[in-house]
Every structure is written in C-alpha cells, then in structure tokens.
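J.: Chains as they are written, first to last, in my numbering: chain A, 1 to 293; chain B, 1001 to 1319. Dumping the structure here so I can ask a few things about it.
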C-alpha cells in the first residue's frame, strides 16, 4: 500500500512534504491550529493575563468583561488564563507518549511482519486480545491507583496506544516484504538487520508517521476524558477536560466557563486530524477504511 | 466455508481465553485486593488474614484464575469486594441500561449512516456532501464528553426540549427510563453515525471508480441500476466490519457519555467501582466489555463470510 519511497535527503523531503500539506486548505488550517496550540503551550506562562490559581469570592461566574475577557469560573478564576494554560499538561504527556508508542509498536510490528509464520500468528492473537480490552477501564484504574502524574500516564498511554501500531506496522511490513527489492536484498546476501534498516524502515516510516498523528489525537482524547472523569490532572493545575467538568455544573447560567475550554480542546483535536489527513495525502498513504481505536 | 467459519470461531475463543488471562493478570498487578479495599488500607494481621480466607484470596493466583473462569462459565460473576452482594445483581440492570442506550443508537444510527454515506458519496464535493461531511468530521473528532456537554447545553439548558441529567435508579422500568434516554441516545447516535458515514462514503467512492462500474456506465446501464446493482452490494460488504469496529470502539465512549448524563449504565458502575477500589466488579465489567467486543467482531466476520460470494469457494479466500 505504501508508495515505494525514493530515497532523498531527510530535510529536503520533509520540507517538500510540509509544503505539500500547507498547499491544501485543510492542511494549512490543521497545521496553523497545531502550531498555534504548541506556541501557546510554550508561551502561555508569559502571555496569560492573570494568575491561574487566584481565587476570588467576589468574582464568581462573572460574564466576560474588560478585565476578564472570557469571564470567571465558579471560584472566581480567570477563564482566559486557565484556557491558555489548559493544554500544557495534555500536550506534554501526549507529545512524549506518542513517539514512544509509535517506536515500540512500530519496531515490534516490523519484526513480526518480517519473521512471519508461527511467531507472527501468535503475536497477532495477543495483539488482538489486548485490543479487545476496555482500554479506558485499565487507564482509569491505573490512574486512580497510581495517580495521574506524567511519570505514570506517559508509560501507560505509550503502552496501550503502541499496541494498535503493532498491527499497522505489521500489515505495512507484509506489503513490503513480498516486493522484489526485498528479495533482491536477500539474494545480495544482506543481513536481516540491514534489510530492516535499508529496505523496510524507509517504506514503513510513512505509514507510521500518519498512524502516529492519528494516535496523538486519540491519546489527547483519552487524556482529556481522564481529566473530565476526575481521574486526571489534579485540581489547581488548569486542564481543559477538568475545566469542562467543573464548569458543566454551572453552564445553565455561566456558559462562557464551559465554552472556552471546549473550543480550545476541540480546535486542537480538529487541527491534529486535519494535519494527519494532509500528511496522509502528501505521503500517499491510504488512510481510508481505518477504524477508530 | 464451514472450515473457514470453524477456524474463525476457534480464533475467537482463543482471543477470549487470552483476554480473560490479561484481565486477571492486570487486576492482579494492581496493588491491594478486595480485603485491603474493604478493611481500610493499612489493615494487617489476623483481620486481614481472616478476610482473605473467607473470600478465598489465600489461594494461589493460578488457582483463583481457574476458579474465576469456571464460575464465569457457570454464569456466576462472583461477589463484590465487601462480599455483600452478588456482582450479577449490580451489573445486570446496568448492563440492560447500557445495552438499551447502545442498541437504540445503533438501530437509528446504522441505517441513517448508510443512507447518508451513500448520498454524500454520490453527491461528492457538492453542497450536500460538503455540509454533511463537515458535520460528520466534527462529530467524530471532538471528544464524546464535549459533544455530550454541547448537546446538553443547547437542547436541555437553552432550548429546554429534553430532560438533561438522568435521575432514575438503575433498576427503574424501561418506560421510566425512555424520556431520559433522548439526549444520551442523540449523542451516541451522532458519534456512531459520523464514523460509519465516513467509512461508507469512502467505500462507495472507491467502488464507483472501479473498472466494472465504469464498464457498466459505458454499456449504458441506467444510473440507479448501476448504483443499486453494481455499487452498493460491493461497497457495503466492507462496511459490516467497520460497523462492528465502531460499535466496539463506542463501548469506551459510552462510559464517558453515561457520566455526562448521569445515566445508570455499566460505564457509571465502572467509575463508581474504580473509585471504591472494588476490584472484583472492575474485573467483571472488564470481561463483559471484552466479550461484547470479541462477539461483535466475530458476528461481523461471520456475516461477511456468509454474504461474500468470493468466500463460497472450496478453500475460501485466505485472509
């Protein structure tokens, strides 16, 4: 399925792909949203107009005003400030966990795809069994028992989201292994490691890049759901999921407090999805018929 | 084909066996057990010992696993951590409620998604497609709790059309539950429809571009006959698996949606049990959800096999 990649120098090809993505309207919007959110996550501590944990009894659930552009929440904190800061923890955790998930899942997938036979069959059974697990239940239980700090969440998310990657990488490898250029490399007497590095990785990499982008958005979704359910980020830290949960109780008379984090979180996830679509098109990877996970 | 079906059934059983092992091992790996949860965290000595003996927790882990599986096969889910109630009493009505929510959403959503998916594919890049696809993409990317909260805000708080938060008990009769079901059902249907619609759309577009459809068009077969006789049977077959995967995936989303609406289903029971560290209940819910996942996928594979004429050969198509 993956197009056979012409080997070109790394920065040259990356720039070409980025240019291709930005040339599509949806890709340009997606990239702008993702970059905007990343910049905001880095710069928000200096940009935020108020103290994110400053409580005020006189300012509870006040509508937007000149000093508080997006109003205040149920304990008088500035909604704009908290919305600006609310994606930092989520982005930090998922930005570390996503590459880890793609690398370990991708490595195992390529390995199983290459070995094939009995080992591959058994591995696929185990992967399928893990996919059948109610992921959210295990994530919730782990977070409830060990706490939802980044050192707990990163390995856990990286583990669970790496498993579907094994499947994708394995399928992509199967597609490539049957091709003539791999047989040719074998016939030339290259070692297995050399074949993986020189023939497989360049061809599987594109599929994994797109897969990684999709995993990133699903991981963010899980992270925010965790906060929303009260098992994630602990209270003083601003987080969109938690803000939506807190504010939803008051939304009949203070909708601004719930709408601000909703718009922020949705725009980031939509941005990632648009970027992933544009990336898939730019790299020529087939993303159709991919089920959610 | 009989061999193919038998093979698929055996694989399904193997997956279930593995899943039960992983769930047991996973719950085992969490610190604490039913007794530490029941008797304070730092309970020690005789009290803990007695409790463990009463609940049979002093047996070896493999032994407890086998007992658990044997009981499951006999239809016994065990008792809650404090030993007071059979888990089946707790899980039964909530599973019914979740099933009600999911099945209404599926009954409405699947036909709707197929019709809209075909319409968007046939009207590709025209106004109807652009709007429907935009709504679908929005519904499938935004987190479930966000769409649920927005729907709650618009239809319950602002418009006042439907009751928002559910206030009935888990074992209420279905009739009492129905009016409260409207918004949760709309939310689940929205997400479900969005996913399936997109898949059906791309499937139909792919088949429309295939050589045999081009051929039929060039032969002068009427447009609607091409669509119904040539395109749809081939485009909708892969949709069965996608529908199954979407339903299976929705099990996770259902949890969050149930919490938003305070709906007394399995998802809420799961959250409550995790909060109370009631590991036997967590374990029971995990195996139920996993069984539904495997079952739905198995059903979809079997349906595809039965409906796909290419698999009706002697040795069947190899997957």
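From the three backbone atoms N, C-alpha and C, an ideal C-beta is built for every residue, glycine too. Note that this is a predicted model, so its numbers are computed, not measured.
1) My output table needs one value for residue 1086/B: the three-state DSSP class, helix, strand or coil.
2) For residue 1284/B, which residues of its own chain have a beta-carbon under 7 Å away from its beta-carbon, when the five flanking residues on both sides are left out?
3) Straight-line CA distance for residue 1319/B to residue 1236/B?
4) Thinking C-alpha only, which one of 165/A, 192/A, 163/A and 166/A is nearest residue 177/A?
5) Give me whichever residues DSSP pairs with residue 78/A in a beta bridge.
6) Count the other CB atoms within 10 Å of the CB of residue 259/A; is the residue buried (16 or more) or exposed (fewer)?
7) Between which two residues does the alpha helix (DSSP H) harbouring residue 240/A extend?
8) Any Cβ of chain E within less than 7 Å of the Cβ of residue 88/A?
9) Give the DSSP-derived three-state secondary structure of residue 253/A in the structure shown.
10) So what does DSSP say about residue 1244/B, is it helix, strand or coil?
11) Can you have a look at residue 1227/B and say buried or exposed, based on whether 16 or more other CB atoms are within 10 angstroms of its CB?
12) In its own chain, which residues sit with a C-beta less than 7 Å from the C-beta of residue 236/A, not counting the 5 before and 5 after it?
13) Would you please state the rounded distance, in angstroms, between the beta carbons of residue 281/A and residue 118/A? I believe it to be under 8 Å.
14) With residue 1287/B as the anchor, note down where its alpha helix (DSSP H) starts and where it stops.
15) Taking the continuous alpha helix (DSSP H) assigned at residue 1227/B, which residues delimit it?
16) Have a look at 148/A, 49/A, 97/A and 163/A and flag the residue whose alpha-carbon is nearest the alpha-carbon of residue 80/A.
17) Using 7 Å as the limit for Cβ to Cβ distance, is residue 144/A near chain B?
18) Just verifying my parser: in three-state terms, what is the DSSP assignment at residue 116/A?
19) Give the single residue among 1133/B, 1192/B and 1118/B whose Cα lies nearest to the Cα of residue 983/B.
20) Let's test the definition: count the other Cβ atoms within 10 Å of the Cβ of residue 6/A and tell me whether it reaches 16, buried, or not, exposed.
21) Quick check: the Cα distance between residue 168/A and residue 1151/B, rounded to an integer number of angstroms?
22) Mind listing which residues of the stretch 1272–1295 of chain B have their C-beta closer than 8 Å to chain A's C-betas, in chain order?
23) Taking residue 173/A as the reference, give the member of 229/A, 217/A, 113/A and 197/A with the closest Cα.
24) List, in chain order, every chain B residue whose beta-carbon is nearer than 9 Å to that of residue 234/A.
25) Between residue 1241/B and residue 1304/B, which are expected to be in contact by the criterion C-beta below 8 Å, what is the C-beta distance as a whole number of angstroms?
26) Between which two residues does the alpha helix (DSSP H) holding residue 1144/B run?
27) Under a CB-based cut-off of 7 Å, is residue 1120/B close to chain A?
28) Less than 6 Å between the CB of residue 1228/B and some heavy atom of the ligand SAH, yes or no?
29) Taking the straight line between their C-alpha atoms, what separation do you get for residue 294/A and residue 175/A?
30) How about residue 1273/B and residue 1282/B: do their beta carbons lie closer than 7 Å?
31) With distances taken Cα to Cα, identify the nearest neighbour of residue 1158/B among 254/A, 159/A and 138/A.
32) When DSSP labels each residue in this structure, what does residue 121/A get in the three-state scheme?
33) Which residues of the stretch 122–139 of chain A have a Cβ closer than 9 Å to any Cβ of chain B? Give them in chain order.
34) DSSP state of residue 1262/B, grouped into three classes?
35) In the DSSP assignment, find the alpha helix (DSSP H) that holds residue 135/A and state where it starts and stops.
36) If you run the structure through DSSP and keep just helix, strand and coil, what is residue 1276/B?
T.: So, from the data block:
1) The sequence position of residue 1086/B within the second chain is 86, counting from 1. If DSSP states are grouped into helix, strand and coil, residue 1086/B belongs with the strands.
2) By one-based count along the second chain, residue 1284/B stands at place 284. For residue 1284/B, where only same-chain residues beyond five positions count, the Cβ hits under 7 Å are 1077, 1078, 1087 and 1091.
3) For this step, residue 1319/B is matched to residue 319 along the second chain. For this step, residue 1236/B is matched to residue 236 along the second chain. Note on residue 1319/B: pLDDT 42, under 50, position unreliable in the model; the coordinate value appears next. Straight-line Cα distance between these residues: approximately 19 Å.
4) Here residue 177/A corresponds to residue number 177 of the first chain, with the count starting at 1. Closest option to residue 177/A, Cα to Cα, is 192/A.
5) Along the first chain, read from residue 1 onward, the residue named residue 78/A stands at position 78. Bridge partners of residue 78/A: 72/A.
6) As a working mapping, residue 259/A is identified with position 259 in the first chain. Counting Cβ neighbours within 10 Å, residue 259/A comes out buried, since at least 16 surround it.
7) Here residue 240/A is taken as the residue at index 240 of the first chain, counted from 1. 240–248 is the span of the alpha helix (DSSP H), which, as asked, contains residue 240/A.
8) Here chain E cannot be found, since the structure's protein chains are A and B.
9) Numbered from 1 along the first chain, position 253 holds the residue referred to as residue 253/A. It is coil, neither helix nor strand.
10) The sequence position of residue 1244/B within the second chain is 244, counting from 1. Helix, per DSSP.
11) For the purposes of this step, residue 1227/B is identified with residue 227 of the second chain, where counting begins at 1. Flag for residue 1227/B reads buried.
12) Your numbering for residue 236/A matches position 236 in the first chain. Answer for residue 236/A: 53, listed in chain order.
13) Counting from 1 along the first chain, the entry for residue 281/A is found at position 281. Counting from 1 along the first chain, the entry for residue 118/A is found at position 118. No, residue 281/A and residue 118/A are not in contact; Cβ-Cβ is about 38 Å, not under 8 Å.
14) The residue you call residue 1287/B lines up with position 287 of the second chain. Where residue 1287/B is concerned, the enclosing alpha helix (DSSP H) stretches over 1279–1307.
15) As a first step, residue 1227/B must be located in the second chain, where it is residue number 227. Premise fails: residue 1227/B is in no alpha helix (DSSP H) and is neither H nor E.
16) By one-based count along the first chain, residue 80/A stands at place 80. Of the listed residues, the one whose Cα sits closest to residue 80/A is 49/A.
17) In the first chain, the residue the question calls residue 144/A occupies position 144. Yes, because at least one Cβ of chain B sits closer than 7 Å to the Cβ of residue 144/A.
18) One-based indexing of the first chain puts residue 116/A at position 116. In the structure shown, residue 116/A sits in coil (DSSP, three-state: anything other than H, G, I, E or B).
19) Within the shown structure, residues of chain B are numbered from 1001 to 1319, placing residue 983/B beyond reach of any answer.
20) As a position in the first chain, residue 6/A is number 6, starting the count at 1. Confidence is the limiting factor: at residue 6/A the pLDDT is only 49, short of 50, which leaves the residue's position unreliable, though a coordinate-based value still follows. Its Cβ having fewer than 16 others within 10 Å, residue 6/A is exposed.
21) Here residue 168/A refers to the residue found at position 168 when the first chain is read from its first residue. Here residue 1151/B refers to the residue found at position 151 when the second chain is read from its first residue. The straight-line gap from Cα to Cα measures roughly 35 Å.
22) 1274, 1275, 1277, 1282, 1285, 1286, 1289, 1290, 1293 and 1294
23) Taking the first chain and counting its residues from 1, one reaches residue 173/A at position 173. Looking at the Cα atoms, 113/A is the closest of the given residues.
24) As a working note, residue 234/A is residue 234 in the first chain. In chain order: nothing, as chain B lies at least about 15 Å away.
25) Position 241 of the second chain, counting from 1, holds the residue named residue 1241/B. Position 304 of the second chain, counting from 1, holds the residue named residue 1304/B. Between residue 1304/B and residue 1241/B the Cβ distance is about 6 Å, and since that is below 8 Å, they are a contact.
26) As a first step, residue 1144/B is located in the second chain; it is residue number 144 there, counting from the start. Its alpha helix (DSSP H) spans residues 1144–1151.
27) Along the second chain, one-based indexing puts residue 1120/B at 120. Judged by the 7 Å Cβ criterion, residue 1120/B is not in contact with chain A.
28) Looking at this structure, you won't find the ligand SAH or any other ligand, since it has none at all.
29) With chain A covering 1 to 293 only, the question about residue 294/A has no answer from this structure.
30) Counting from one through the second chain, the residue named residue 1273/B turns up at place 273. Counting from one through the second chain, the residue named residue 1282/B turns up at place 282. Taking 7 Å as the Cβ cut-off, residue 1273/B and residue 1282/B qualify as a contacting pair.
31) Within the second chain, residue 1158/B is the residue found at index 158, counting from 1. When only C-alpha atoms are compared, the closest one is 254/A.
32) Residue mapping note: residue 121/A aligns to position 121 of the first chain, counting from 1. Here residue 121/A sits in helix by DSSP.
33) 125, 126, 128, 129, 130, 131, 132, 133, 134, 135, 136, 137 and 138
34) The residue given as residue 1262/B occupies position 262 in the second chain. In this structure, residue 1262/B counts as coil in the three-state DSSP scheme.
35) Indexing the first chain from 1 puts residue 135/A at position 135. Start and end: 135–146.
36) Looking up residue 1276/B in the second chain gives position 276. It is coil, neither helix nor strand.
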